[in-house]
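A.B. asks: My numbering puts the first residue of the sequence shown at -6, with every later residue one more than the last.
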Amino acid sequence: MTKPGSRSTRSAGSRPGPPTTTGRSSGPAAPPPPGRTTATGDNSIIGVAEDLLRAAARAAKPARLAAETQALGDCRYCTFHGATEGELERTLAAVDAAAQAYPSFAGIAVHRYDTWIALGD
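(1) Suppose you measure from the CA of residue 16 to the CA of residue 74; what does that come to, to the nearest Å?
(2) Look at the alpha carbon of residue 96 and the alpha carbon of residue 110, and state the distance between them as a whole number of angstroms.
(3) According to DSSP, simplified to helix, strand and coil, what is residue 58?
(4) Could you give the C-beta distance for residue 53 and residue 102, rounded to a whole number, given that I count them as a contact under 8 Å?
(5) From residue 64 to residue 51, what does the alpha carbon distance come to, in whole angstroms?
(6) How would you write the range of the alpha helix (DSSP H) that residue 40 sits in, first residue to last?
(7) Between residue 92 and the rest of its own chain, which residues show a CB-CB distance below 6 Å, the 5 nearest in sequence each way excluded?
(8) What's the gap between the Cα of residue 81 and the Cα of residue 41?
(9) For residue 57, collect the residues of the same chain with a Cβ closer than 6 Å to its Cβ; drop the 5 residues on either side in sequence, then sort them by chain order.
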């Protein structure tokens, strides 16, 4: 994927993540669930975008998915911040392949050009 200055008004990452617990911990914190830095599966980019893609198809509208690259303190599993450019590219290639099953799919946008170009190799 080349780095054009692409933006999207609708993001696959806009759905809230899994519930969190509060209170005393009985041990080390659990690792974050597989998140929106994975292409498919629970809480993945396609997983959280399926409802949007289906609704867009019913409305005969295009839908563009988006990947977040800026740091999100409250949702570290929702962003590619800290990943490499290669990890982002491989994941988005898998998203693109999986999303071809949805007639409304209109491509992928990357949110925050400045944090995208700052990803390491």
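All residues carry an ideal CB built from backbone N, CA and C; glycine is no exception.
All values reported here derive from a predicted model rather than from experimental measurement.
C.D. replies: From the atom records:
(1) The residue you call residue 16 lines up with position 23 of the sequence shown. The residue you call residue 74 lines up with position 81 of the sequence shown. Note that residue 16 scores a pLDDT of 46, beneath 50, so its modelled location is shaky; the value from the coordinates is reported in the next line. Answer to the nearest angstrom: the Cα atoms are 28 Å apart.
(2) On the sequence shown, position 103 is the one that residue 96 refers to. On the sequence shown, position 117 is the one that residue 110 refers to. Near 30 Å, if we compare the C-alpha coordinates of residue 110 and residue 96.
(3) Your numbering for residue 58 matches position 65 in the sequence shown. Three-state result, residue 58: strand.
(4) Taking the sequence shown and counting its residues from 1, one reaches residue 53 at position 60. Taking the sequence shown and counting its residues from 1, one reaches residue 102 at position 109. Under the criterion of beta carbons closer than 8 Å, residue 53 and residue 102 do not qualify as touching, at roughly 20 Å.
(5) For the purposes of this step, residue 64 is taken as residue 71 along the sequence shown, with counting starting at 1. For the purposes of this step, residue 51 is taken as residue 58 along the sequence shown, with counting starting at 1. Each residue's Cα considered, the two are about 34 Å apart.
(6) Translated into positions along the sequence shown, residue 40 becomes position 47. Where residue 40 is concerned, the enclosing alpha helix (DSSP H) stretches over 38 to 51.
(7) If you number the sequence shown from 1, residue 92 lands on position 99. Taken in chain order, the residues that qualify are 98.
(8) Against the sequence shown, residue 81 aligns to sequence position 88. Against the sequence shown, residue 41 aligns to sequence position 48. Our two residues, residue 81 and residue 41, have alpha carbons roughly 17 Å apart in a direct line.
(9) Numbered from its first residue, the sequence shown carries residue 57 at position 64. Taking C-beta separations shorter than 6 Å and ignoring five residues to either side along the sequence, the partners of residue 57 in its chain run 1, 99, 100, 102, following chain order.
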